[in-house]
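Presented below is the structure to which this report refers.
Residue numbers (this note's numbering): 1200 to 1348.
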C-alpha cells in the first residue's frame, strides 16, 4: 500500500487559515504524526480537516456546557388578559443542546480518527504494513516478548 502513495505529497504542517482555535491546535498536533506514518497524504486533507473541525465543535460544545450547565430549566411566563406577566411557572428541565453536538462530534472524531490511523487498532494495522514477512510471531512484530506487564 505504501508504494501506491509514493508520488503523493504529505500534508502541510501549517493549518489552513480558516481553521481556528481548537481545530488549528488539533491540526498542529496530529499532522506531524500523520505525515510520519507515510500513509496519509494530500488527498486525505479533507478528512483531516473534518476531524479538526469536529474537534472544534466538541470543545466549543463542552465549553457551552461548562458555562450553561448540562440542562436548563424550562420556565413559562403566565400573562393576564392585558398581556402583563404575572407569574413564571417552572415546567421542568431540558437538556443543553450542546450535548447532542458533543455526541455527534465524538462519533465523527472516532470514525475519522480510525480511518486516519489515530486509534490503537488502526496504528497496529499501520505497523503491520511495515513488518517484514520474516517476522513469525506477535512478540517479534511488537518488539519483543520478554517484558512482563
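Each residue gets a CB set at the ideal place from its N, CA and C atoms; glycine is no exception.
Cβ shell of residue i (< 8 Å), same chain only, five flanking positions each side left out
| i | result |
| --- | --- |
| residue 1231 | 1212 |
First through last residue of the alpha helix (DSSP H) which encompasses residue i
| i | result |
| --- | --- |
| residue 1288 | No alpha helix (DSSP H) holds residue 1288; the beta strand (DSSP E) holding it covers 1284–1294. |
| residue 1312 | 1297–1314 |
| residue 1233 | 1220–1236 |
Per-residue burial, residue i [other beta carbons within 10 Å of its own, 16 or more giving buried]
| i | result |
| --- | --- |
| residue 1274 | exposed |
| residue 1143 | Residue 1143 lies beyond the residue range present for the chain, which begins at 1200 and ends at 1348; the question has no answer from this structure. |
| residue 1216 | exposed |
| residue 1323 | exposed |
| residue 1255 | buried |
| residue 1247 | buried |
| residue 1250 | buried |
Three-way DSSP call (helix, strand, coil) for residue i in this model
| i | result |
| --- | --- |
| residue 1269 | coil |
| residue 1256 | helix |
| residue 1277 | strand |
| residue 1214 | coil |
| residue 1247 | helix |
| residue 1318 | coil |
| residue 1209 | coil |
Neighbourhood of residue i by C-beta, 6 Å cutoff - its chain only, sequence neighbours within 5 removed
| i | result |
| --- | --- |
| residue 1294 | 1270 |
| residue 1296 | none |
Residues near residue i by beta carbon distance below 7 Å, same chain, minus five either side
| i | result |
| --- | --- |
| residue 1214 | 1223, 1226 and 1227 |
| residue 1333 | For residue 1333, the predicted structure reports a pLDDT of 45, less than 50, and the residue's modelled location is therefore unreliable. A value from the coordinates is still provided. There are no such residues. |
| residue 1276 | 1284 and 1287 |
| residue 1209 | 1234 and 1240 |
Interface flag, residue i vs chain B, CB-CB below 9 Å
| i | result |
| --- | --- |
| residue 1324 | No chain B is present in this structure, which holds just one protein chain. |
Open item on the list: When you compare the stretch 1214–1224 with the stretch 1264–1272, are there three or more beta-carbon pairs, one atom per stretch, that lie closer than 8 Å?
Closed with: With the rule of 3 Cβ pairs closer than 8 Å, the stretch 1214–1224 does not count as touching the stretch 1264–1272.
Task: Cβ contact (3+ pairs, closer than 8 Å) linking the stretch 1251–1264 and the stretch 1299–1306 - done: Yes: the two stretches touch, three or more of their Cβ pairs being nearer than 8 Å.
Open item on the list: Contact between the stretch 1313–1325 and the stretch 1229–1247 is defined here as three or more beta-carbon pairs at a separation below 8 Å; is this criterion met?
Closed with: Judged by Cβ distances under 8 Å, the stretch 1313–1325 makes contact with the stretch 1229–1247, as three or more pairs qualify.
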